[in-house]
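**Student:** Protein chains in written order, with this note's numbering: chain H, 3 to 333; chain V, 3 to 690.
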Amino acid sequence: MRYGYYPGCSLERNAGAYHTSLMAVAAQLGVEFAEVDDWNCCGATEFIAVNRLRAYALVSRNLALAARQTNGSNGAAKGQLVAPCSACYLNLSKVEHYLSQSPALASGVNNALAAGGLSYEPGSVRVRHLLDVLVNDVGYEKVAARVRRPLHGLRVAPYYGCLVVRPGFQGRFDDPEYPTSLDRLMRTLGATVVDFPLKAHCCGGHMTQISRDVALELIRRLLKNAADYQADMIVTLCPMCQLNLDAFQESVNGLFGTEYRIPILFFTQLMGLAFGLSPAAVGIGKEFVDARPALAKIGAAAPAAAEAAPKRKPRRGDQSLPLPQMPEEEL
Amino acid sequence: MSAENPHRTRHDPHATPDAGHGERVGVYVCHCGHNIANTVAVEEVAEWAGEQPNVVVARDYKFMCSSLGQELIEQDIQQLGLNRVVVAACSPHMHEKTFRSACQRAGLNPYLFEMANIREMGSWATDDREAATQKAKAQVKGAVERAVRQQPLEPLYVDINPNTLVVGGGIAGLTAALELANAGYHVYLVERDSSIGGHMAKLDKTFPTLDCAACILTPKMVDVANHPNITLMTWSEVLSVHGYVGNFTVRVRKKARYIKEDLCTGCGTCVEKCPVRIIDQNFEVGLGYRKAVYRNFPQAVPKYPVIDTANCTFFQRGKCRACEIVCPTDAIDFNQKDEIVDLEVGNIILATGYEQFDARRVPQYGYGRLANVFTSMEFERMVNAAGPTAGRVVLRDGVTVPKRIAIIHCVGSRDKNYHEYCSRACCMAALKFAHLVHERVPEAEVFNFYIDIRASGKHYEEFYHRVLSEGTHFIRGRVAEVTDAARGPGEEGQLIIQVEDTLIGKQRRIPVDMVILMAGMESRKDARQVAALFGLGCDYDGWFTERHAKLDPVVTMTEGILVAGACQGPKAIPESVAQGSAAAARVAGMMGQRVMKREPVRACIDAASCSGCRICNTLCPYHAITFHEDRKVSEVIPALCQGCGACVAACPSAAISGAHFTRDQVLAQIEGILWDARQPEVLWLEPQ
């Protein structure tokens with residue numbers, strides 16, 4: 003499988019480990035990512051609020067390049083563009099959606115693109131998030147088949163952040179309020195997934211630069227929630243979330259007098275480890291909060307299968323009420 | 003145009019009575035107030051119609067359906083010798099009967115009348131006056147062409163079977179069955195569950211009067227079981243329905259109970275001694291347990307238990323027989339088989355009810371994940387004295403009494419992600435819960451999170467005020483989430499309600515011990531299959547479609563099939579009872595006539611042309627075509643034929659014709675509709 007690939011700025015800098023690990027994992031799974039040549043900034047989360055048309059044109063240039071370069075030749079899936087960064091994914095898919103909805107906007111954007119000798123026909127690129135491609139195109143079975151070193155004993159809190167599942171318009175691959183695809187992927191790798199009610203809550207975004215106290219409180223809530231559930235680490239799929247929770251953890255501890263030491267890793271790093279790759283090959287060691295103590299637990303505890311207690315038979319004198327029946331989880 | 007003459011006339015006194023084939027057509031174009039006249043140039047249509055061949059008179063009139071409009075037709079028939087009438091107005095569903103009666107009163111066979119629907123199919127569908135007028139002309143032309151080819155027909159009369167089938171033994175079905183039985187008609191009441199009573203049997207109290215649900219329901223259940231005019235068939239399901247209004251044949255499967263009803267005394271010893279205990283997902287909605295041989299509740303009607311073979315040790319592993327050993331009357335019969343029963347009925351009332359919305363579909367409210375989040379039906383069982391906690395309000399551990407309780411309204415209702423509609427009953431049930439909590443746990447605080455309080459009903463608003471005065475907190479805002487993720491010490495170990503309080507314009511976090519989700523009503527999962535089985539329609543949400551939302555709420559588009567209660571849309575008990583009674587009254591009214599007039603629209607096979615291919619035999623959905631082996635020809639049984647026309651269209655030899663829809667009538671109508679169609683132009687494309 004071959005996809006167009008839009009790394010975005012984060013994966014070249016602060017989220018380098020994300021890039022390294024996803025490429026390593028992709029190679030294991032037989033997925034190829036062909037980087038869009040001459041891509042530019044996605045506008046991040048701010049530019050759209052500054053000047054809409056320019057922001058749309060900025061993003062559309064990437065779509066136009068992707069449409070031209072993923073035209074189905076050399077075995078690439080036609081018009082499929084993968085963005086691993088949640089902000090890039092949201093901007094690209096949102097602009098593509100708006101252009102398809104509004105012919106007036108599309109013609110305005112195409113006027114701008116014409117200056118660079120480009121044009122974009124709405125609908126010709128389908129923007130996908132990396133997680134979507136790995137769980138839906140590759141599939142859990144194929145991932146499970148690659149696991150060489152199951153992450154038994156590791157308790158992870160799956161953190162989706164706000165951008166990847168919201169807004170819930172078409173093309174979103176998971177529930178906007180309570181996504182579960184990353185949970186299932188982590189279970190596929192053998193990890194124990196803790197309930198993480200704040201899994202789709204805000205990490206503070208760029209508030210760390212504008213309103214530090216607001217951001218630190220939001221980060222504190224997430225860390226506290228993961229700690230309350232005894233998670234060994236938080237697993238993310240967004241460079242922004244990873245940066246905020248990782249780089250500002252010390253500041254949170256300083257401000258609130260807490261002592262959190264929760265490593266924040268990208269989900270592809272754990273996939274790589276489970277596939278038997280070395281920690282260095284998946285960029286472990288670049289994080290601020292050292293992940294090695296937590297990773298040392300892998301295999302130390304009993305496998306997840308033994309943890310599931312046999313169904314309790316109600317004992318005499320036990321007055322407790324049965325819990326609601328849930329659909330059987332696949333893993 | 004004189005002031006005394008309210009209607010304008012285009013009457014050609016020189017038109018020869020023998021124009022065409024001697025048919026003298028009157029055309030009447032209705033304004034329908036502004037409904038048609040605003041979009042269609044009705045005067046122009048009438049004037050144009052007056053110039054068409056065979057048309058003797060064409061008029062337009064403000065309301066053709068008024069008695070003045072009808073008298074106009076009657077007068078013209080008598081004075082101008084009309085022998086065909088065309089009315090261009092609304093849908094035949096609305097007024098075909100009206101105008102046919104007018105024709106009949108004037109001595110004209112009613113099947114020489116034709117209706118052109120220029121309202122629903124014209125003026126209501128567009129704002130384009132010119133196009134609507136043009137279409138109206140085409141429809142009128144088609145109707146005229148068809149009318150001149152129509153033949154007088156005589157209606158068929160059939161006897162009405164005086165028995166009625168009621169499907170569903172909830173409060174709506176019980177009411178309908180009792181009303182009909184009391185009126186002296188026989189009723190078959192078929193219920194899928196092992197007992198009648200429906201959802202109402204699960205409730206403790208009913209709003210707003212707070213009378214005990216069981217106390218008002220069980221007498222009705224007993225009446226149904228003992229009524230000489232009611233055949234009660236529980237643990238039974240309808241398999242197929244054949245026939246038509248007045249004469250349905252319904253096949254019912256009586257599932258095996260594995261209990262001999264003639265021997266069982268209902269003593270309950272078998273239930274007591276059964277060693278298998280499983281969670282009851284049906285009656286106790288997962289909050290309580292039942293045995294493998296069980297009754298839904300102590301007052302279940304009928305009193306006989308059923309054996310759940312999927313969980314019974316004997317059926318699964320071939321041993322145990324505890325129930326058989328302890329039964330004092332030898333009523334256990336492991337060899338019982340399902341029985342198939344055919345019923346002959348004249349009418350069918352569907353009262354199949356609703357299902358509760360699955361609160362797991364709103365993951366942010368945590369049902370199934372957070373132990374102390376309950377659904378409203380779970381709470382109903384909890385506060386019921388006969389329920390799993392014997393009426394104690396406790397947390398999931400079965401012991402701890404909650405101090406702070408949140409009731410979240412509109413779960414799955416009034417929400418475009420799930421159901422856009424309001425489920426009507428939940429606001430009042432939520433108020434009832436608040437009251438019951440105050441009654442059972444006086445020190446507890448209750449928070450109601452609502453969008454609007456919908457308390458429209460007799461004494462409902464008064465009940466709301468009563469609950470307000472009892473000290474319940476009402477917070478207006480849709481709850482964002484229920485979470486156990488505490489932000490600080492004040493929230494640890496509790497469930498936190500995150501909500502925007504829209505009355506003070508602030509985000510609030512309210513810690514509670516227990517959450518009740520007022521899950522709304524939705525149509526049953528198999529509503530569409532049931533609708534197909536009985537030949538009626540469902541709306542987008544799966545509710546059965548009534549003939550008219552306001553004026554005909556219990557009758558469906560299929561004659562003889564009626565609906566009552568929540569299968570037609572969300573309803574509380576009073577409305578369900580009202581509909582049950584209404585449906586019974588409609589059925590009784592029809593049976594009072596003893597015979598029924600049926601449309602003479604029937605298929606007829608010309609034996610000389612029939613090749614005996616039998617395609618029509620299998621195609622007929624009413625099994626109305628029989629095959630004569632000796633002569634190798636098929637024949638339609640007029641009493642069974644519904645006039646659907648499937649065989650007419652399918653016959654490869656064109657041997658079948660449908661009365662009132664003959665080939666030449668339909669083709670002439672099409673010709674008429676296409677009166678102004680030009681020959682298609684042939685376009686030559688320039689080679690590039």
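Think of the CB as a built atom: it goes at the ideal place given N, C-alpha and C, for glycine as much as any other residue. Keep in mind the model is a prediction, meaning the values are calculated, not measured.
(1) Buried or exposed for A304 of chain H, going by 16 or more other Cβ atoms inside 10 Å?
(2) Check whether the Cβ atoms of Q71 of chain H and G288 of chain V lie closer than 8 Å to each other.
(3) Mind pulling the chain H residues with CB within less than 8 Å of S400 of chain V?
(4) For V616 of chain V, which residues of its own chain have a beta-carbon under 7 Å away from its beta-carbon, when the five flanking residues on both sides are left out?
(5) Secondary structure at N349 of chain V, three-state DSSP: helix, strand or coil?
(6) Quick one: is R26 of chain V buried, meaning 16 or more other Cβ sit within 10 Å of its Cβ, or exposed?
(7) Is it buried or exposed, N228 of chain V, if we count other Cβ atoms within 10 angstroms and call 16 or more buried?
(8) Using a 10 Å radius around the Cβ and a threshold of 16 neighbouring Cβ atoms, would you call E261 of chain H buried or exposed?
(9) With distances taken from CA atoms, which of V:R680, V:A679 and V:G674 is nearest Q141 of chain V?
(10) Just by C-beta distance, which residues in the segment 135 to 152 of chain V are closer than 9 Å to chain H?
(11) Might you give, ordered along the chain, the residues of its own chain that have their beta carbon closer than 7 Å to the beta carbon of A293 of chain H, omitting 5 neighbours on each side?
(12) Please tell me whether I328 of chain H has its Cβ less than 8 Å away from any Cβ of chain V.
(13) Starting from the beta carbon of P199 of chain H, find every residue of chain V whose beta carbon is closer than 7 Å, and list them in chain order.
(14) Where does the unbroken beta strand (DSSP E) through M235 of chain V begin, and where does it stop?
(15) Could you give the DSSP three-state label for E493 of chain V: helix, strand or coil?
(16) Going by DSSP in three states, D185 of chain H sits in which element: helix, strand or coil?
(17) On a Cα-Cα basis, can you pick out the residue from V:Y306, V:R416 and V:P94 that is closest to M520 of chain V?
(18) What whole-angstrom Cβ distance do E179 of chain H and A202 of chain H have, given they're in contact under 8 Å?
(19) With burial defined as no fewer than 16 other Cβ atoms inside 10 Å of the residue's Cβ, what is the status of F465 of chain V: buried or exposed?
(20) V579 of chain V and A661 of chain V: beta carbons closer than 8 Å?
(21) Shorter than 8 Å from the beta carbon of A373 of chain V to some beta carbon of chain H?
(22) Ignoring anything shorter than 4 residues, give me the alpha helix (DSSP H) runs that lie fully in the segment 98 to 177 of chain H, in order along the chain.
(23) Does the pairing of the segment 47 to 58 of chain H with the segment 120 to 136 of chain H give three or more beta-carbon distances under 8 Å?
(24) Cα separation between S611 of chain V and L70 of chain V?
(25) Could you tell me if S93 of chain V is buried or exposed, where buried requires 16 or more neighbouring beta carbons within 10 angstroms of its beta carbon?
(26) Where S12 of chain H and M242 of chain H are concerned, what is the direct C-alpha to C-alpha distance, given to the nearest angstrom?
(27) Restricting to Cα atoms, I'd like to know which of V:I453, V:E472 and V:Y452 is closest to R442 of chain V.
(28) If you measure beta-carbon to beta-carbon, which residues of the segment 166 to 180 of chain H are closer than 7 Å to chain V?
(29) Would you tell me roughly how many angstroms separate the C-alpha atoms of E309 of chain H and A26 of chain H, rounded to the nearest one?
(30) For G414 of chain V, return the contacting residues in chain H, with the cut-off set at a CB-CB distance below 7 Å.
(31) For R130 of chain H, would you say it is in contact with chain V, using Cβ-to-Cβ distances shorter than 8 Å as the test?
(32) Whole angstroms is fine: what's the gap from G22 of chain V's alpha carbon to E561 of chain V's?
(33) Leaving out the 5 sequence neighbours to the left and right, which residues in its chain are closer than 6 Å to N249 of chain V when beta-carbon positions are compared?
(34) According to DSSP, is S238 of chain V part of a helix, a strand, or is it coil?
(35) With DSSP as the reference, label N119 of chain V as helix, strand or coil.
(36) Only counting the same chain, and skipping five residues up and downstream in sequence, which positions put a Cβ closer than 7 Å to that of L191 of chain H?
**Tutor:** Taking the definition as stated:
(1) Here the model assigns A304 of chain H a pLDDT of 48, short of 50, so the residue's position is not dependable and the matter cannot be decided.
(2) no
(3) The displayed chain sequence assigns Gly, not Ser, to residue 400 of chain V. Proximity of chain H to G400 of chain V at the Cβ level (cut-off 8 Å) is accounted for by D320, Q321, S322 and L323, in chain order.
(4) Reading off the sequence shown, one finds Arg at residue 616 of chain V, where the question assumed Val. Only F629 and S636 meet the Cβ criterion.
(5) strand
(6) buried
(7) exposed
(8) Exposed, because fewer than 16 other Cβ atoms sit within 10 Å of the Cβ of E261 of chain H.
(9) V:G674
(10) For the segment 135 to 152 of chain V, which is checked against every Cβ of chain H, not one residue is closer than 9 Å.
(11) M235, P265, L267 and I286
(12) Before going further, note that residue 328 of chain H is Met rather than Ile in the sequence given. Chain V contact via Cβ: present.
(13) T485, D486 and A487
(14) I232 to M235
(15) helix
(16) helix
(17) For M520 of chain V, the closest C-alpha among the options V:Y306, V:R416 and V:P94 is that of V:R416.
(18) 7 Å
(19) buried
(20) no
(21) yes
(22) 105 to 116 and 142 to 148
(23) no
(24) 48 Å
(25) exposed
(26) 8 Å
(27) V:E472
(28) D177, E179 and Y180
(29) For E309 of chain H, the predicted model reports a pLDDT of 46, less than 50, meaning its position is unreliable and no value from the coordinates is stated.
(30) Going along chain H, no residue has its Cβ under 7 Å from G414 of chain V, so there is no contact; the nearest lies around 13 Å.
(31) no
(32) Here the model assigns G22 of chain V a pLDDT of 48, short of 50, so the residue's position is not dependable and the matter cannot be decided.
(33) For N249 of chain V, where only same-chain residues beyond five positions count, the Cβ hits under 6 Å are N163.
(34) strand
(35) strand
(36) Within the same chain, L191 of chain H has close Cβ partners V149, P152, L153, L272, M273 and A276.
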